[in-house]
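Engineer:
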Amino acid sequence: MTFDNLSPVLSDALTARGYEALTPVQTHVAEDEARGRDLLVSAQTGSGKTVAFGLAMADELIEDGRLPFAASPLALIIAPTRELALQVSRELSWLYGKAGARIATCVGGMDASKERRNLSQGVHIVVGTPGRLRDHLERGALDLEALRVAVLDEADEMLDMGFREDLEEILDATPETRRTLLFSATIPKPIVQLAKRYQKDALRISTVGEDRGHGDIAYQAVTVAPADIEGAVINLLRLHEAETAMLFCATRDNVRRLHASLIERGFAAVALSGEHSQNERNHALQALRDRRARVCVATDVAARGIDLPTLSLVIHVEIPRDAETLQHRSGRTGRAGKKGTAVIIVPYPRRRRVDGMLRGARINAEWMDAPTAADVRQKDQERLIEKLLAPVEHEPEDLELAARLMAERSAEDIAASLVRAHRALMPPPEDLLDNGPRGRDRPERGERGERFERPERGGGERRDGFEDSVWFRLNIGRHQNADPRWILPLLCRRGHVSKNEIGAIRIGPKETMFNIPRAIADRFAEAVVRTANQDGEDDSGVSITPAPDGPTYPPRRDKGPRDAGPRGAPGGHRAGPRGPRGLGGPGGNTERYKPKPYGQRSPRRPSK
Ligand code: AMP
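Residue 1131 in my numbering is what sits at position 235 of the sequence shown, and the numbering runs on without skipping anything.
#1: Do you know how far the Cα of threonine 1427 is from the Cα of proline 1243?
#2: I'd like the span of the alpha helix (DSSP H) that includes leucine 1285, first residue to last.
#3: Under 7 Å: does the beta carbon of alanine 1428 sit that close to some heavy atom of the ligand AMP?
#4: Tell me which same chain residues have a C-beta within less than 7 Å of the C-beta of glycine 1480, skipping the five on either side of it?
#5: With distances taken Cα to Cα, identify the nearest neighbour of arginine 1035 among Leu1055, Arg1060, Ser1009 and Ala1046.
#6: Beta carbon of proline 1277: closer than 7 Å to some heavy atom of the ligand AMP?
#7: With DSSP as the reference, label lysine 1515 as helix, strand or coil.
#8: Relative to the ligand AMP, is the shortest distance from any of its heavy atoms to the C-beta of leucine 918 smaller than 7 Å?
#9: By a C-beta neighbour count over all protein chains shown, 10 Å radius and 16 as the cutoff for buried, is glycine 1461 buried or exposed?
#10: Please look up how many angstroms separate the CB atoms of isoleucine 1101 and valine 984, rounded, as I've assumed it's under 8 Å.
#11: DSSP state of glutamate 916, grouped into three classes?
#12: Give the secondary structure of asparagine 1260 by DSSP, where H, G and I count as helix, E and B as strand, and everything else as coil.
#13: Are there three or more Cβ pairs, one per stretch, closer than 8 Å when the segment 1127 to 1142 is compared with the segment 1377 to 1393?
#14: When burial is assigned at 16 or more other CB atoms within 10 Å of the CB, is glycine 1335 buried or exposed?
#15: Give a single yes or no on whether tyrosine 1115 has its beta carbon closer than 7 Å to a heavy atom of the ligand AMP.
#16: Glycine 1312 by DSSP, collapsed to three states: which one?
#17: Regarding glutamine 1376 and the ligand AMP, is the C-beta to nearest heavy atom distance less than 7 Å?
#18: From the DSSP output, in three-state form, read off glutamate 1340 for me.
#19: Closer than 8 Å by C-beta to threonine 1221: which residues in its own chain qualify, once you throw out the five before and the five after it? Chain order, please.
#20: In terms of residue numbering, what span does the alpha helix (DSSP H) encompassing leucine 972 cover?
#21: Tell me the rounded alpha-carbon separation between glycine 1472 and valine 1424.
#22: Where in the segment 954 to 1023 do unbroken runs of the alpha helix (DSSP H), each at least 4 residues long, occur, reported from the N-terminal end onward?
#23: Is the beta carbon of glutamate 1293 within less than 7 Å of some heavy atom of the ligand SAH?
#24: What would DSSP say about glutamate 1072, mapped onto helix, strand or coil?
#25: Which class does isoleucine 1202 belong to by DSSP, given the choice of helix, strand or coil?
#26: From tryptophan 1382 to glutamine 1376, what does the alpha carbon distance come to, in whole angstroms?
#27: So, with DSSP's three-state summary, where would you put asparagine 1411?
#28: Buried or exposed, going by whether 16 or more other CB atoms sit within 10 Å of the CB of phenylalanine 839?
#29: Assuming threonine 1229 and leucine 1209 form a contact by the criterion Cβ under 8 Å, report the distance between their Cβ atoms to the nearest whole angstrom.
#30: Please report the straight-line C-alpha distance between lysine 1395 and threonine 1206, rounded to a whole angstrom.
#31: Can you tell me whether glutamate 987 sits near the ligand AMP, meaning its C-beta is under 7 Å from at least one heavy atom of the ligand?
#32: Measure the Cβ-Cβ separation of arginine 962 and alanine 909 and say whether it is below 8 Å.
#33: Given this structure, state the Cα-to-Cα distance separating phenylalanine 839 from isoleucine 1372, to the nearest angstrom.
Right, dumping it as structure tokens:
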């Protein structure tokens, strides 16, 4: 097969590699209108973007089917991480191998003097990370005066990682006449500014939608109560038992926490985030490659450039910031024609946002509940039976031992011990607090599903401590699957109180009110602020605010005379329109609760 529009030497290389067709991004960069021009390309990992910029720079490099002698580099590729730079270098080596290309890599953590030697011997293409390239430039080892083309790979990540100055210094050292190719998963404002400054009349290419077909990825959106996120992750890992799984968190703190929690439960897991040294990264990646570890917990940035062929499961533990990041993360699986699954964990309050994100990106995800412990056990049983019934040739020594066992115990006993021994190797699944109806089929506006017909907390029994209590509001209600089973643990976690310190929980269509003793209201409110992000929410989108007027909807009375007011408040709480009694509890102190302004409280710290 030949590839039209490409230099024959590159076409041959693609054929030899077994490629049958160009991917959309490769097709675009090889088109006539893209030739010789600066390009601003949004394409995700897995789209074949490395080969795409390899093809795009052919006109600047190949003369008469070969690369000419070059005293100083003709092409420069800058990538955010060492892994990505090495991967790019590997791809360009086979693509330009027959054309006689000499390629040098310059990356942090490698022997700098060896790199200097390579550079001094004359190379055509230099691939490197920003910091190390800048070092070589400043020491005079890297001469960019004859450069014809500069490529910024994963430019958004490089800016996120704080490499702007390095990039500017490097680009400023190149000739004005160079071609500049900017590849980025997303094109936020800083990238547009960078493009404006360093590109001329750039052609904008976006293949984010078209590329999706490249990987074979099944998307699942798993709805969970916010307090169940970790349990859902564990059950998903146990249900899929993927050879390699990658879990994405939004911050390095969350990576650390989830990683520690998985290790504690017996998963073979490694972590990758900005807080790890190059050495630790290498060890983690090696453990994944030689299967000592099967789970990798990572931030978006730290996972860049990682290509693990056995990766079949991606879990978005925290929702990606946009659809492009979603596709970028998911593109870690389903590579090279293999099937992969990308699961998005969707806390109830985030359902609409994720639905919108998926629709915007035209991704057809299957909405489902998180697997329960029973689902996992069922799957374990199937796997165990399959494994234990698989035909094996027994060693005589093993058969002899079997005979001795049979003499002592029944076959059933021995088989049960065998099952137990196998099960002991697997981390146990988690019991989830809530397993609501399926995400999309959830009862909507005005409907009351069976699951809400439970008594609100309080139950009418008298309880000391709630005679004088104050109301707070949660921004989630029945429409977001609000349920005391998961609201209680969430309140305890956010407000640093015990569940006995929470009184009534009254669930409305779109909000939930709950009350706590006035004596601890300030302490509770302060903890709530400390455990929130800048927007006053936790990572799941739940916000808690003082609600001095209390609920404006009636307590549920449909299952008997339950008190929806603070426990111990005789006669229950005010259920009607706002009035002077909605402050503490009837019979209690009716002074209005005035929360201290948030600015006067303790400083915030990151959530969770
Ligand atoms: P990338 O987006 O550059 O990370 O590439 C993802 C993977 O797709 C790499 O393993 C490439 O070697 C592979 N690839 C790139 N282009 C093609 C193509 N035209 N056909 C098949 N595989 C490709």
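Positions of the beta carbon are idealized from the N, C-alpha and C atoms, including for glycine. All of these numbers come straight from a predicted model, not from anything done at the bench.
Structural biologist: Put simply:
#1: 17 Å
#2: 1269 to 1285
#3: Placement of the Cβ of alanine 1428 at a distance of 7 Å or more from every heavy atom of the ligand AMP is found.
#4: Confidence is the limiting factor: at glycine 1480 the pLDDT is only 36, short of 50, which leaves the residue's position unreliable and the question unanswerable from this model.
#5: Ser1009
#6: Note on residue identity: the sequence assigns glutamine, not proline, to residue 1277. No, the Cβ of glutamine 1277 stays beyond 7 Å of every heavy atom of the ligand AMP.
#7: As displayed, the chain neither begins before 897 nor continues past 1504, which places residue 1515 out of reach and without an answer.
#8: yes
#9: Annotation note: pLDDT 40 at glycine 1461 (below 50); position unreliable, coordinate value reported separately. Its Cβ being crowded by 16 or more others within 10 Å, glycine 1461 is buried.
#10: Not really, about 19 Å apart at Cβ, beyond 8 Å.
#11: coil
#12: For asparagine 1260, the secondary structure class from DSSP, reduced to helix, strand or coil, is coil.
#13: no
#14: Residue confidence for glycine 1335 is low, a pLDDT of 38 falling below 50, so the modelled location carries little weight; the figure read from the coordinates is stated next. Per the 10 Å Cβ criterion, buried.
#15: no
#16: A small correction: the amino acid at residue 1312 is alanine; glycine does not occupy that position in the sequence shown. Looking at alanine 1312 - three-state DSSP - the assignment turns out to be helix.
#17: no
#18: Since pLDDT at glutamate 1340 reaches only 37, below the 50 mark, its modelled position is unreliable, and no value is offered.
#19: Ala1081, Thr1082 and Asp1196
#20: It is not in any alpha helix (DSSP H) - leucine 972 instead sits in the beta strand (DSSP E) that spans 971 to 974.
#21: Legend: pLDDT at glycine 1472 = 36, less than 50; position of this residue unreliable, value from coordinates given subsequently. The straight-line gap from Cα to Cα measures roughly 28 Å.
#22: 954 to 957, 978 to 993 and 1008 to 1016
#23: This structure does not include the ligand SAH; its bound ligands are the ligand AMP.
#24: coil
#25: coil
#26: 12 Å
#27: strand
#28: This structure cannot settle anything about residue 839, because the visible part of the chain is limited to 897 through 1504.
#29: 7 Å
#30: 44 Å
#31: yes
#32: no
#33: Nothing can be reported for residue 839: it is not among the residues displayed for the chain, which extend from 897 to 1504.
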